[in-house]
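Numbering (our numbering), first residue to last: 9 to 157. Glycine residues also receive a C-beta, built at the ideal position from the N, C-alpha and C atoms. A quick write-up on the structure given underneath.
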Amino acid sequence: MENKNSEESFDNSPLIGLIHNISKNQIKYLKSRISELDLDFEIRYVMLIYDNPNCSQDDIVNICGESKANVAKALKKLENKGYIQREINLDNRRKYMLKTTDKSNEIVPKIRQISCDWEKEVGISENDAEFIERVKKIAINGMKLVEEL
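Given below as C-alpha coordinates:
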(Lines of atoms letter the chains of each structure in order from A and count residues from 1; the text may use other names and numbers.)
(Lines give C-alpha, C1' and ligand atoms only; values in the text may rest on other atoms or scores of the structure.)
Protein backbone atom coordinates (compact mmCIF):
# COMPACT_ATOMS: atom_id res chain seq x y z
CA MET A 1 0.00 0.00 0.00
CA GLU A 2 1.34 3.42 -0.87
CA ASN A 3 2.13 5.77 2.01
CA LYS A 4 -0.61 8.21 0.94
CA ASN A 5 -3.23 5.45 0.83
CA SER A 6 -2.05 4.20 4.23
CA GLU A 7 -2.57 7.63 5.71
CA GLU A 8 -6.00 7.94 4.11
CA SER A 9 -7.04 4.59 5.57
CA PHE A 10 -6.85 6.19 9.03
CA ASP A 11 -9.31 8.98 8.12
CA ASN A 12 -12.37 7.08 9.35
CA SER A 13 -10.69 4.89 11.94
CA PRO A 14 -12.16 4.91 15.44
CA LEU A 15 -9.93 6.19 18.22
CA ILE A 16 -9.53 2.69 19.66
CA GLY A 17 -8.27 1.45 16.29
CA LEU A 18 -5.66 4.20 16.21
CA ILE A 19 -4.56 3.43 19.78
CA HIS A 20 -4.31 -0.27 18.91
CA ASN A 21 -2.17 0.58 15.89
CA ILE A 22 0.11 2.78 18.00
CA SER A 23 0.49 0.03 20.60
CA LYS A 24 1.27 -2.67 18.03
CA ASN A 25 3.83 -0.49 16.26
CA GLN A 26 5.56 0.41 19.51
CA ILE A 27 5.82 -3.28 20.42
CA LYS A 28 7.30 -4.03 16.96
CA TYR A 29 9.80 -1.20 17.41
CA LEU A 30 10.78 -2.37 20.89
CA LYS A 31 11.09 -5.96 19.74
CA SER A 32 13.42 -4.93 16.91
CA ARG A 33 15.63 -3.04 19.36
CA ILE A 34 15.78 -5.80 21.99
CA SER A 35 15.69 -8.88 19.76
CA GLU A 36 18.53 -10.47 21.74
CA LEU A 37 16.23 -10.68 24.78
CA ASP A 38 13.70 -12.95 23.03
CA LEU A 39 10.76 -10.93 24.38
CA ASP A 40 7.58 -9.94 22.61
CA PHE A 41 4.41 -8.28 23.86
CA GLU A 42 5.08 -9.70 27.34
CA ILE A 43 7.66 -6.96 27.82
CA ARG A 44 4.75 -4.82 29.03
CA TYR A 45 4.20 -7.33 31.83
CA VAL A 46 7.84 -7.01 32.88
CA MET A 47 7.45 -3.23 32.97
CA LEU A 48 4.20 -3.48 34.92
CA ILE A 49 5.69 -5.84 37.50
CA TYR A 50 8.82 -3.69 37.76
CA ASP A 51 6.66 -0.62 38.49
CA ASN A 52 4.32 -2.55 40.81
CA PRO A 53 6.33 -5.10 42.80
CA ASN A 54 4.19 -7.67 44.59
CA CYS A 55 1.32 -7.31 42.14
CA SER A 56 -0.62 -10.47 41.37
CA GLN A 57 -1.56 -12.24 38.17
CA ASP A 58 -5.12 -11.00 38.69
CA ASP A 59 -3.83 -7.42 38.91
CA ILE A 60 -2.16 -7.84 35.51
CA VAL A 61 -5.33 -9.36 34.03
CA ASN A 62 -7.34 -6.37 35.25
CA ILE A 63 -4.86 -3.70 34.19
CA CYS A 64 -4.07 -5.12 30.76
CA GLY A 65 -7.54 -6.41 29.93
CA GLU A 66 -6.15 -9.77 28.84
CA SER A 67 -7.58 -13.19 29.57
CA LYS A 68 -6.33 -15.12 32.59
CA ALA A 69 -5.07 -17.87 30.30
CA ASN A 70 -3.00 -15.48 28.12
CA VAL A 71 -1.51 -13.73 31.14
CA ALA A 72 -0.72 -17.04 32.85
CA LYS A 73 1.05 -18.33 29.72
CA ALA A 74 3.07 -15.12 29.32
CA LEU A 75 4.04 -15.03 33.00
CA LYS A 76 5.17 -18.67 32.87
CA LYS A 77 7.31 -17.82 29.85
CA LEU A 78 8.82 -14.83 31.68
CA GLU A 79 9.47 -16.94 34.76
CA ASN A 80 11.14 -19.70 32.71
CA LYS A 81 13.37 -17.11 31.02
CA GLY A 82 14.35 -15.65 34.39
CA TYR A 83 12.67 -12.25 34.05
CA ILE A 84 10.20 -12.60 36.94
CA GLN A 85 9.74 -14.64 40.07
CA ARG A 86 6.68 -15.62 42.03
CA GLU A 87 6.43 -15.61 45.80
CA ILE A 88 3.56 -16.96 47.83
CA ASN A 89 1.39 -14.21 49.28
CA LEU A 90 1.43 -14.90 53.02
CA ASP A 91 -1.97 -13.20 53.39
CA ASN A 92 -3.54 -15.41 50.73
CA ARG A 93 -1.60 -18.59 50.00
CA ARG A 94 -3.58 -19.21 46.79
CA LYS A 95 -2.11 -16.07 45.21
CA TYR A 96 1.42 -15.28 44.20
CA MET A 97 3.16 -11.93 44.36
CA LEU A 98 5.19 -11.14 41.26
CA LYS A 99 8.59 -9.48 41.27
CA THR A 100 11.18 -8.74 38.63
CA THR A 101 14.56 -10.41 38.85
CA ASP A 102 17.98 -8.82 38.57
CA LYS A 103 17.91 -9.79 34.89
CA SER A 104 14.80 -7.63 34.37
CA ASN A 105 16.03 -4.86 36.61
CA GLU A 106 19.06 -4.48 34.33
CA ILE A 107 17.03 -4.21 31.10
CA VAL A 108 14.15 -2.00 32.24
CA PRO A 109 16.14 1.28 32.00
CA LYS A 110 17.22 0.30 28.46
CA ILE A 111 13.62 -0.47 27.50
CA ARG A 112 12.43 2.83 28.98
CA GLN A 113 15.03 4.69 26.91
CA ILE A 114 13.98 2.85 23.75
CA SER A 115 10.35 3.75 24.52
CA CYS A 116 11.29 7.41 24.99
CA ASP A 117 13.21 7.36 21.70
CA TRP A 118 10.19 5.84 19.95
CA GLU A 119 7.86 8.46 21.42
CA LYS A 120 10.09 11.26 20.14
CA GLU A 121 10.34 9.66 16.70
CA VAL A 122 6.56 9.36 16.33
CA GLY A 123 5.92 12.88 17.59
CA ILE A 124 4.92 12.47 21.23
CA SER A 125 6.35 15.37 23.21
CA GLU A 126 6.24 16.98 26.63
CA ASN A 127 3.48 19.21 25.23
CA ASP A 128 1.23 16.15 25.08
CA ALA A 129 1.06 15.68 28.87
CA GLU A 130 -2.57 16.80 29.07
CA PHE A 131 -3.58 14.47 26.24
CA ILE A 132 -1.68 11.56 27.79
CA GLU A 133 -3.39 12.19 31.13
CA ARG A 134 -6.78 12.17 29.36
CA VAL A 135 -6.00 8.87 27.62
CA LYS A 136 -4.91 7.42 30.98
CA LYS A 137 -8.25 8.43 32.52
CA ILE A 138 -10.09 6.81 29.61
CA ALA A 139 -8.08 3.61 30.13
CA ILE A 140 -8.89 3.61 33.85
CA ASN A 141 -12.58 4.27 33.18
CA GLY A 142 -12.63 1.44 30.65
CA MET A 143 -11.02 -0.92 33.13
CA LYS A 144 -13.61 0.00 35.79
CA LEU A 145 -16.47 -0.42 33.34
CA VAL A 146 -15.32 -3.93 32.44
CA GLU A 147 -14.83 -4.87 36.09
CA GLU A 148 -18.54 -4.14 36.65
CA LEU A 149 -19.64 -6.66 33.96
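Whose C-beta lies closer than 7 Å to the C-beta of residue i among residues of the same chain, with five residues either side of it excluded?
i, result
"tyrosine 53", "Ile68, Ala82, Leu83 and Leu86"
"alanine 80", "Gln65"
Mind checking whether residue i and residue j have CB atoms under 9 Å apart?
i, j, result
"isoleucine 170", "isoleucine 51", "Past the boundaries of the shown model lies residue 170; the chain is included only from 9 to 157, so the question cannot be answered."
"isoleucine 92", "leucine 106", "yes"
"isoleucine 71", "methionine 151", "yes"
"lysine 89", "aspartate 46", "yes"
The alpha helix (DSSP H) spanning residue i covers which residue range?
i, result
"asparagine 78", "76-88"
"leucine 47", "Element bounds for leucine 47: n/a, residue is neither H nor E."
"isoleucine 57", "51-59"
"cysteine 63", "That residue, cysteine 63, is in no alpha helix (DSSP H); it is neither H nor E in DSSP."
Please state the DSSP three-state secondary structure of residue i.
i, result
"asparagine 20", "coil"
"tyrosine 104", "strand"
"isoleucine 42", "coil"
Kindly list the residues whose CB is nearer than 8 Å to the CB of residue i, restricted to its own chain and excluding five residues on each side of it in sequence; keep chain order.
i, result
"aspartate 48", "Ile35 and Lys39"
"tyrosine 104", "Ser64, Gln65, Arg94, Glu95, Ile96 and Asn97"
What span of residues does the beta strand (DSSP E) with residue i cover, start to end?
i, result
"isoleucine 96", "92-97"
Here's a check: name, in chain order, each residue in its chain whose Cβ is nearer than 6 Å to the Cβ of residue i, leaving out the five neighbours to either side.
i, result
"glutamate 155", "none"
Contact between the region 56-66 and the region 35-44: three or more CB pairs below 8 Å?
no
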